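First residue of the first sequence? That's 1 in UniProt numbering, and the numbers climb one at a time after it.
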Amino acid sequence: MSQHALLSAGTKSWRSLACSRSELRLDLTLGCGQSFRWRETGDGHWTGVMGGRVWTLTQTDDTLWYHTYNSPNTIGGDGRKRSAGSLLQGSGKRSKGVIEVKEEEEGEPVAVTPDPDRKEEELLNDYFQLKVKLGDLYRDWGAADPHFNSIAKIFTGVRMLRQDPTECLFSFICTSNNHISRIQGMVERLCQSLGTPLCQLDQTSYHDFPSLHALADNSVEARLRDLGFGYRARFLQQSARQILDSHGGPHWLQGLRSAPYLQARDALRTLPGVGPKVADCVCLMSLEKACVVPVDTHVWQIAKRDYSCAAGNGQKSLTDKVHRQIGDFFRQLWGPYAGWAHSVLFCSDLKKFQKLKETHCLKQEEEKKKVKIKVEGEGMTKKIKKMCNRKVKMCVKEEVG
DNA sequence: TTCGGACCTCG
DNA sequence: GAGGTCCGA
């Protein structure tokens with residue numbers, strides 16, 4: 001049996017939070033290239049490391065379900081033999097918005113892993129920034145931007161994570177000249193090679209993200225080159241060394257959360273391997289700078305193609321000035337959470353999510369047919385039929401375009 | 001400020 | 001070429 005938790009299998013203990021899909025879509029949020037540590041380990045089940053522990057997350061319409069695994073050296077490990085129980089039917093217990101599902105072993109209830117201080121709930125709330133009401137933000141962005149509005153119908157629940165700054169910084173140093181799937185592999189090798197092991201599930205060993213000390217060791221560059229990091233190997237080691245030697249450690253990175261955006265960005269850019277794009281990603285995704293729009297060639301294309309944004313027209317490469325102009329353009333359009341809005345558009349442009357647009361388009365076609373039948377059935381005038389069809393066509397066009 | 005080339009590897 | 005950065009001119 002799979003050691004990775006599966007909600008339907010009923011062999012593991014799950015807890016849950018009330019959270020609708022419009023507030024959070026796991027597949028989009030965890031797969032759009034913000035974090036590189038989550039894998040789909042079962043249908044709609046995402047397993048990864050966060051806050052020093054291994055999690056499996058999944059969701060139903062109004063609920064976010066989570067399971068955490070005990071590492072081997074903590075009490076009550078997960079290696080015990082478990083039998084499948086019918087835990088989802090009627091054994092859920094609700095307390096202060098938390099549902100505790102008790103697992104059963106040979107008919108006898110087994111105690112769920114206790115979470116008396118609700119630490120895990122807090123970690124999830126913090127990581128997904130669930131206090132920020134995404135529905136309200138989508139409404140505001142849609143009102144200000146028709147193009148966003150058309151995308152938003154398909155790409156709901158794309159939310160900015162609040163990641164650990166060290167993990168975010170060193171992951172994004174790996175992103176230059178690179179694409180998501182390869183970055184995922186690199187970050188995984190980085191953790192397996194230099195991070196503390198947490199637990200093993202179905203031949204996959206999960207490790208914590210490496211500490212600055214582990215990354216700063218002189219042997220790291222050669223080791224990472226062997227693991228296929230190329231020129232980025234030196235950047236990783238040197239940036240870690242610089243943070244330890246010149247700034248005193250991870251505390252410095254955390255401290256940038258309370259610094260203004262430009263100050264934080266400039267501080268990050270003193271590190272080797274950190275240019276405007278990487279610095280902006282770290283600011284947005286781990287340092288609470290929600291207004292920051294990281295600009296890469298991709299976002300530049302979106303600005304030109306979908307917004308006729310003239311910034312950088314005639315330019316061959318993304319200069320600092322073009323970065324600033326495009327960032328300002330989107331900030332003006334979307335407001336203080338512009339970085340969050342940018343991630344929705346970014347997500348909708350990813351190859352792996354194109355199917356979502358197609359299926360949505362098919363649904364629209366079906367709606368169109370239904371409307372047509374209804375109109376004909378009600379014997380409306382030709383003029384009204386025409387108007388109605390045009391409206392549906394416009395809607396479809398908007399979705400596709 | 002801007003530009004081109006180099007840096008790594010892979011599909 | 002890819003979801004970039006660094007370096008020298």
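The C-beta atom is built at its ideal place from N, Cα and C for all residues, glycine as well.
Fair warning: this is a prediction, and the values are worked out from it, not measured in the lab.
For the stretch 153 to 168 and the stretch 280 to 300, state whether three or more C-beta atom pairs, one from each stretch, are separated by less than 8 Å. Under the three-pair Cβ rule at 8 Å, the stretch 153 to 168 counts as touching the stretch 280 to 300.
Just reading off the beta strand (DSSP E) that Arg15 is part of, what are its end residues? Here residue 15 refers to the residue found at position 15 of the first sequence. Boundaries of the beta strand (DSSP E) harbouring Arg15: 14 to 18, taken from the DSSP string.
Using only the alpha-carbon positions, how far apart do Leu7 and Leu17 sit? Numbered from 1 along the first sequence, position 7 holds the residue referred to as residue 7. Numbered from 1 along the first sequence, position 17 holds the residue referred to as residue 17. Computed Cα separation, rounded: 14 Å.
Whole-Å CB distance - Phe128 paired with Leu268, under 8 Å assumed: For the purposes of this step, residue 128 is taken as the residue at position 128 of the first sequence. For the purposes of this step, residue 268 is taken as the residue at position 268 of the first sequence. At roughly 24 Å, the Cβ-Cβ gap does not stay under 8 Å, so Phe128 and Leu268 are not in contact.
Residue interval of the beta strand (DSSP E) (run including Pro197): Residue mapping note: residue 197 aligns to position 197 of the first sequence, counting from 1. Here the beta strand (DSSP E) through Pro197 covers 197 to 201.
Whole angstroms is fine: what's the gap from Ala9's alpha carbon to Ser2's? Position 9 of the first sequence, counted from the start, is the residue given in the question as residue 9. Position 2 of the first sequence, counted from the start, is the residue given in the question as residue 2. So the alpha carbons of these two residues sit roughly 9 Å apart.
When you compare only the Cα positions, how much space is there between Trp141 and Asn149? Position 141 of the first sequence holds residue 141. Position 149 of the first sequence holds residue 149. When rounded, the distance between both Cα atoms is 7 Å.
C-beta atoms of Val49 and Cys199 nearer than 7 Å: Locating residue 49 in the first sequence gives position 49, counting from the first residue. Locating residue 199 in the first sequence gives position 199, counting from the first residue. Between Val49 and Cys199, the C-beta gap is not smaller than 7 Å, which leaves the two residues out of contact.
Does DSSP classify Arg39 as helix, strand or coil? To locate residue 39, count along the first sequence from 1; it is residue 39. In the three-state reduction of the DSSP assignment, Arg39 falls in the strand class, which pools E and B.
C-beta atoms of Ala233 and Glu221 nearer than 7 Å: Taking the first residue of the first sequence as position 1, residue 233 is located at position 233. Taking the first residue of the first sequence as position 1, residue 221 is located at position 221. Yes. Within cutoff.
Distance between Phe155 and Leu28 (C-alpha atoms, nearest Å): Taking the first sequence and counting its residues from 1, one reaches residue 28 at position 28. Taking the first sequence and counting its residues from 1, one reaches residue 155 at position 155. Approximately 8 Å, taken between the alpha carbons.
DSSP three-state label for Thr68, please. Translated into positions along the first sequence, residue 68 becomes position 68. Here Thr68 sits in strand by DSSP.
Three-state class that DSSP yields for Thr359 in the structure shown: By 1-based counting over the first sequence, the position of residue 359 is 359. Correct three-state label for Thr359: helix.
Starting from Met186, trace the alpha helix (DSSP H) both ways and give me its first and last residue. By 1-based counting over the first sequence, the position of residue 186 is 186. For Met186, the uninterrupted alpha helix (DSSP H) segment begins and ends at 180 to 194.
What are the boundary residues of the beta strand (DSSP E) that Ser205 is part of? In the first sequence, residue 205 corresponds to position 205, counting from 1. Ser205 -> beta strand (DSSP E) spans 204 to 207.
What are the start and end residues of each continuous beta strand (DSSP E) run of 3 or more residues lying completely inside the stretch 230 to 308, in chain order? Scanning the stretch 230 to 308 from its first residue to its last, no whole beta strand (DSSP E) run of 3-plus residues comes out.
C-alpha distance - Leu244 paired with Asp62, whole-angstrom precision: The sequence position of residue 244 within the first sequence is 244, counting from 1. The sequence position of residue 62 within the first sequence is 62, counting from 1. When rounded, the distance between both Cα atoms is 44 Å.
Suppose you measure from the CA of Ser22 to the CA of Phe172; what does that come to, to the nearest Å? Locating residue 22 in the first sequence gives position 22, counting from the first residue. Locating residue 172 in the first sequence gives position 172, counting from the first residue. Pairing Ser22 with Phe172, the inter-Cα distance amounts to about 28 Å.
To the nearest angstrom, how far is the alpha carbon of Gln59 from that of Ser193? Within the first sequence, residue 59 is the residue found at index 59, counting from 1. Within the first sequence, residue 193 is the residue found at index 193, counting from 1. Rounded to the nearest angstrom, the gap between the Cα atoms of Gln59 and Ser193 is 32 Å.
Name the two residues that bound the continuous alpha helix (DSSP H) containing Leu224. To locate residue 224, count along the first sequence from 1; it is residue 224. Element bounds for Leu224: 220 to 226.
Please report the residue range of the beta strand (DSSP E) in which Arg53 lies. The residue given as residue 53 occupies position 53 in the first sequence. Run containing Arg53: 53 to 60, per the beta strand (DSSP E) assignment.
Reduced DSSP category for Val49 - H, G, I as helix; E, B as strand; rest coil: Position 49 of the first sequence, counted from the start, is the residue given in the question as residue 49. Here Val49 sits in strand by DSSP.
Secondary structure of Thr156, DSSP reduced to three states: Position 156 of the first sequence, counted from the start, is the residue given in the question as residue 156. DSSP places Thr156 in coil when its eight states are reduced to three.
Is Thr63 helix, strand or coil by DSSP? The residue labelled residue 63 in the question sits at position 63 within the first sequence. Here Thr63 sits in strand by DSSP.
State the CB to CB distance for the pair Ser343 and Val132, rounded to an integer number of angstroms; the pair is presumed to be in contact (CB under 8 Å). Taking the first sequence and counting its residues from 1, the one referred to as residue 343 is at position 343. Taking the first sequence and counting its residues from 1, the one referred to as residue 132 is at position 132. At roughly 13 Å, the Cβ-Cβ gap does not stay under 8 Å, so Ser343 and Val132 are not in contact.
In this structure, does DSSP put Cys168 in helix, strand or coil? For this step, residue 168 is matched to residue 168 along the first sequence. DSSP places Cys168 within a helical segment (H, G or I) once states are collapsed to three.
If you count every other CB in all the chains shown that lies within 10 Å of the CB of Leu30, and 16 or more means buried, which is it? Position 30 of the first sequence holds residue 30. The residue in question, Leu30, is buried, as its Cβ has 16 or more Cβ neighbours within 10 Å.
Is it true that the CB of Gly228 sits closer than 7 Å to the CB of Asp208? Residue numbering aside, residue 208 sits at position 208 when the first sequence is read from its first letter. Residue numbering aside, residue 228 sits at position 228 when the first sequence is read from its first letter. No, they are not a contact pair.
Boundaries of the alpha helix (DSSP H) in which Ala143 is found, first to last residue: Within the first sequence, numbered from 1, the residue matching residue 143 stands at position 143. Its alpha helix (DSSP H) spans residues 134 to 144.
Determine whether the beta carbon atoms of Ala338 and Phe329 lie at a separation below 7 Å. As a position in the first sequence, residue 338 is number 338, starting the count at 1. As a position in the first sequence, residue 329 is number 329, starting the count at 1. No; because the gap between Cβ atoms is not below 7 Å, this pair is not in contact.
Which of the three DSSP states, helix, strand or coil, is assigned to Cys174? Residue mapping note: residue 174 aligns to position 174 of the first sequence, counting from 1. The answer is coil: DSSP assigns Cys174 none of H, G, I, E or B.
By Cβ distance, which residues of its chain are closer than 7 Å to Cys347, with the 5 residues on each side in sequence left out? Numbered from 1 along the first sequence, position 347 holds the residue referred to as residue 347. Around Cys347, the same chain offers Leu28, Cys32, Phe155, Val158, Phe353 as residues with beta carbons nearer than 7 Å, after the five sequence neighbours per side are excluded.
Measure the alpha-carbon distance for Glu106 versus Leu123 and round it to whole angstroms. Taking the first sequence and counting its residues from 1, one reaches residue 106 at position 106. Taking the first sequence and counting its residues from 1, one reaches residue 123 at position 123. Reliability fails at Glu106, whose pLDDT of 35 lies under 50, so the model's placement of it is uncertain and no value is given.
Would you call Ala111 buried or exposed, if buried means 16 or more other Cβ atoms sit within 10 Å of its Cβ? Position 111 of the first sequence, counted from the first residue, corresponds to residue 111. Any reading at Ala111 must be qualified, since the residue scores a pLDDT of 37, below 50, and its modelled position is unreliable; no value is offered.
Reference Pro116; option with closest CA among Ala143, Ala259, Arg15: The sequence position of residue 116 within the first sequence is 116, counting from 1. Comparing Cα positions, the closest option is Arg15.
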